[in-house]
Amino acid sequence: MSLDQPKVLIVEDEPAQVEILRYNLKSQNYEVVVATDGETGVEKARDELPDVILMDWMLPRLSGIEACRQIRRIAATRQIPIIMLTARSEERDRVRGLDIGADDYISKPYSIKELLARVRAALRRPAALVTGEVLEFGKIKIDLSKHIITIADKPIHLGPTEYRLLITLMKSPERVFSRDQLLDMVWGLSSDVDTRTVDVHIGRLRRLLTENRAKNMIRTVRGYGYSVQGS
Ligand code: CA
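If you count the sequence shown from 1, you need to add 3 to reach our numbering.
Okay, here's the thing in structure tokens:
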């Protein structure tokens, strides 16, 4: 075990899933810690201070959502990136997951290659400042529990889709999301919404931000997608 070996906490109750994750993460030189219920997950997050947490949604004793919420309330653990592992049927709940502070999602059954890529991305990402349930980046501050958005301390109003888009982007500043990823995270995979819809809502969000003195916060990556950047 070396100091620069990133530590991953797996919170998952299915032994087969744990073994697949453990094996693959170890083969990539990660240090692995496991908890098999939500309560132990919160304890291990606090005691082990992992660099990233993989959190199953449905867990005994304490759900993944509640565990995530508690981890965000503890000062020592609130900045740790959390990737939720969700089953297809739970996708509608993703928005709730974003509200309580998860950073990313991956649907089961996932490819290990994709999962490892998300873990690497989570480790690379500059963290947005999450204080309790407040998400802050640049001039924008979002109170996730009260759904209040302020830009340079002035409250603004966003429609529900623009709100979810902004949260998704702000959770991972400078990460470029493809249109498909945004569709997946904001609308849910099962929706039959076209990727052009993403452009429409990004356009609206960008106008609102510009009108409220947060110009150029959303960057377009031509032919691919979007990210938020510092202004
Ligand atoms: Ca489970």
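Here a beta-carbon is modelled for each residue, glycine too, at the ideal position from N, C-alpha and C.
As the structure is a computational prediction, the values presented were derived from the model and not from experiment.
Does the beta carbon of residue i fall short of 8 angstroms from some heavy atom of ligand 1?
{"i": "M58", "result": "no"}
{"i": "M220", "result": "no"}
{"i": "M61", "result": "yes"}
{"i": "D156", "result": "no"}
{"i": "E214", "result": "no"}
{"i": "D50", "result": "no"}
{"i": "E15", "result": "yes"}
DSSP three-state call for residue i: helix, strand or coil?
{"i": "A105", "result": "coil"}
{"i": "E139", "result": "strand"}
{"i": "I77", "result": "coil"}
{"i": "Q20", "result": "helix"}
{"i": "L88", "result": "strand"}
{"i": "I83", "result": "coil"}
{"i": "K218", "result": "coil"}
{"i": "R209", "result": "helix"}
{"i": "E15", "result": "coil"}
{"i": "R25", "result": "helix"}
{"i": "R72", "result": "helix"}
{"i": "L186", "result": "helix"}
Pull the bridge partners of residue i from the DSSP assignment, please.
{"i": "E34", "result": "K10"}
{"i": "Y229", "result": "F180 and T223"}
{"i": "T153", "result": "K144 and P158"}
{"i": "S110", "result": "T89"}
Which residues bound the alpha helix (DSSP H) around residue i?
{"i": "A124", "result": "I115 to R127"}
{"i": "V196", "result": "Element bounds for V196: n/a, residue is neither H nor E."}
{"i": "D50", "result": "G41 to E51"}
{"i": "E165", "result": "P163 to K174"}
How far does the beta strand (DSSP E) with residue i in it reach, from first residue to last?
{"i": "D59", "result": "V55 to D59"}
Are the C-beta of residue i and some C-beta of chain B separated by less than 9 angstroms?
{"i": "L169", "result": "Looking at the structure shown, chain B is missing, and only one protein chain is on hand."}
- Query: With contact counted as at least three CB pairs below 8 angstroms, one residue from each stretch, are the stretch 152-164 and the stretch 39-47 in contact?
  - Reply: no
- Do the stretch 135-154 and the stretch 184-202 meet, that is, are 3 or more Cβ pairs less than 8 angstroms apart? no
- Would you call the stretch 120-127 and the stretch 142-153 in contact, with 3 or more CB pairs under 8 angstroms? no
- Between the stretch 72-92 and the stretch 29-38, do at least 3 Cβ pairs fall closer than 8 angstroms? no
- Query: For the 8 angstroms Cβ check, are there 3 or more pairs between the stretch 15-26 and the stretch 58-70?
  - Reply: yes
- Message: Would the stretch 166-184 count as touching the stretch 221-232 if we require 3 or more Cβ pairs under 8 angstroms?
- Response: yes
- contact_flag[the stretch 159-175, the stretch 109-116] where n(CB pairs < 8 angstroms) is 3 or more: no
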